[in-house]
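A.B. asks:
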Amino acid sequence: VALALAMNSIISLKVRSTFQSIVYLPHFFSWVLVVTVFVQVLGADGLVSNWIMDGGGERLDFTSNPDTFTFLVWMQWAWKDAGWGMIIFLAALASINPSLYEAAASDGANRWRRMWHITLPGIRPVIILLLILQIGGILSVGFEQYQLQRQAVGYQATEVLDTYVYYQSIVGSQGESFGTAAGLFKGVIGLILILVANNIAHRLGEQGIYQKS
Numbered sequence: 001v002a003l004a005l006a007m008n009s010i011i012s013l014k015v016r017s018t019f020q021s022i023v024y025l026p027h028f029f030s031w032v033l034v035v036t037v038f039v040q041v042l043g044a045d046g047l048v049s050n051w052i053m054d055g056g057g058e059r060l061d062f063t064s065n066p067d068t069f070t071f072l073v074w075m076q077w078a079w080k081d082a083g084w085g086m087i088i089f090l091a092a093l094a095s096i097n098p099s100l101y102e103a104a105a106s107d108g109a110n111r112w113r114r115m116w117h118i119t120l121p122g123i124r125p126v127i128i129l130l131l132i133l134q135i136g137g138i139l140s141v142g143f144e145q146y147q148l149q150r151q152a153v154g155y156q157a158t159e160v161l162d163t164y165v166y167y168q169s170i171v172g173s174q175g176e177s178f179g180t181a182a183g184l185f186k187g188v189i190g191l192i193l194i195l196v197a198n199n200i201a202h203r204l205g206e207q208g209i210y211q212k213s
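In structure tokens, the structure reads:
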């Protein structure tokens with residue numbers, strides 16, 4: 001949301017288009033490329049580690065430290081998918097009637113008040129919708145992202161539901177039926193979470209994923 005608001009405030013169309021393309025580009029990168037980029041930047045022989053050593057510090061490897069792995073995963077996810085969310089919110093911002101901003105400005109409202117009373121309420125349905133969908137996919141944290149870093153970080157730090165099911169059903173002896181049951185369980189839990197979150201949104205007066213009749 002913050003990235004979309006910052007992008008929307010850029011007056012120059014050329015600068016906005018260029019910055020938008022740069023931010024959105026990583027969405028098309030595979031997880032193999034994303035992990036490789038982070039290893040080149042934050043790995044033992046990466047740019048950050050070399051800068052620290054040039055300053056007299058010790059060599060650090062942020063990509064193989066289990067204690068910082070959760071933060072690393074969030075950084076990778078943000079870099080890869082922040083542009084996708086930005087595009088959605090920019091589309092929502094474009095649907096807001098410009099006359100509302102003009103009327104507020106003529107009444108003396110500054111930029112912050114216009115954002116708080118016009119922009120955020122205007123994109124609130126989209127925020128609620130994406131939040132509900134994200135809650136439904138809370139168990140799908142990304143098998144490929146964790147599996148690619150399992151050897152460097154260790155299985156304990158990278159063990160999530162998808163990797164557990166893979167090693168139990170495909171690599172292990174549980175068989176495909178175990179993987180099928182786990183996938184069905186994950187789908188049912190995701191559906192329940194979506195319905196519960198959507199019901200809460202309706203109780204709070206929001207539209208949710210559909211408009212309640």
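If you're matching positions, the sequence shown starts at 1 in the UniProt record's numbering and goes up one per residue. A virtual CB, placed ideally from N, CA and C, is assigned to each residue, including glycine.
Between 15, 177 and 154, which has its C-alpha nearest residue 165's C-alpha?
C.D. replies: When each option's Cα is compared against that of residue 165, the closest is 177.
A.B. asks: Alpha carbon to alpha carbon, what distance is there between residue 188 and residue 94?
C.D. replies: Distance between the alpha carbons of residue 94 and residue 188: 35 angstroms.
A.B. asks: Does DSSP classify residue 63 as helix, strand or coil?
C.D. replies: Of the three classes helix, strand and coil, the one that applies to residue 63 here is coil, per DSSP.
A.B. asks: Using only CA atoms, which one of 92, 60 and 118 lies nearest to residue 103?
C.D. replies: The candidate whose alpha carbon is nearest that of residue 103 is 118.
A.B. asks: Out of 89, 181 and 77, which one is the CA nearest neighbour of residue 162?
C.D. replies: Out of 89, 181 and 77, 181 has the C-alpha closest to the C-alpha of residue 162.
A.B. asks: When the Cβ atoms of the stretch 50 to 62 are set against those of the stretch 136 to 149, are three or more pairs found closer than 8 angstroms?
C.D. replies: No, they do not touch.
A.B. asks: Just confirm the distance between the C-beta atoms of residue 48 and residue 41, as a whole number of angstroms; I'd bet it's less than 8 angstroms.
C.D. replies: That pair is a contact at about 6 angstroms.
A.B. asks: Enumerate in chain order the residues of its own chain whose CB-to-CB distance from residue 179 is below 6 angstroms, with the five nearest sequence positions on each side excluded.
C.D. replies: Closer than 6 angstroms at Cβ, skipping near neighbours: 165 and 169.
A.B. asks: Could you tell me how far apart the beta carbons of residue 131 and residue 82 are, in whole angstroms, since I believe they sit closer than 8 angstroms?
C.D. replies: That belief does not hold up - the Cβ atoms of residue 131 and residue 82 are roughly 16 angstroms apart, past 8 angstroms.
A.B. asks: What do you get for residue 9, buried or exposed, if any count of 16 or more other CB atoms within 10 angstroms of its CB means buried?
C.D. replies: Burial call: exposed.
A.B. asks: Ordered along the chain, which non-local residues of its own chain (more than five positions away) have a Cβ less than 8 angstroms from that of residue 24?
C.D. replies: So the qualifying residues of the chain are 83, 84, 86 and 87.
A.B. asks: Can you grab the Cα-Cα spacing for the pair residue 1 / residue 110, in whole Å?
C.D. replies: Taking the straight line joining both Cα atoms gives about 20 angstroms.
A.B. asks: Who are the near neighbours of residue 122 in its chain, counting only those whose CB is closer than 6 angstroms to its CB and skipping five residues on each side?
C.D. replies: Excluding sequence neighbours, residue 122 sits near 96.
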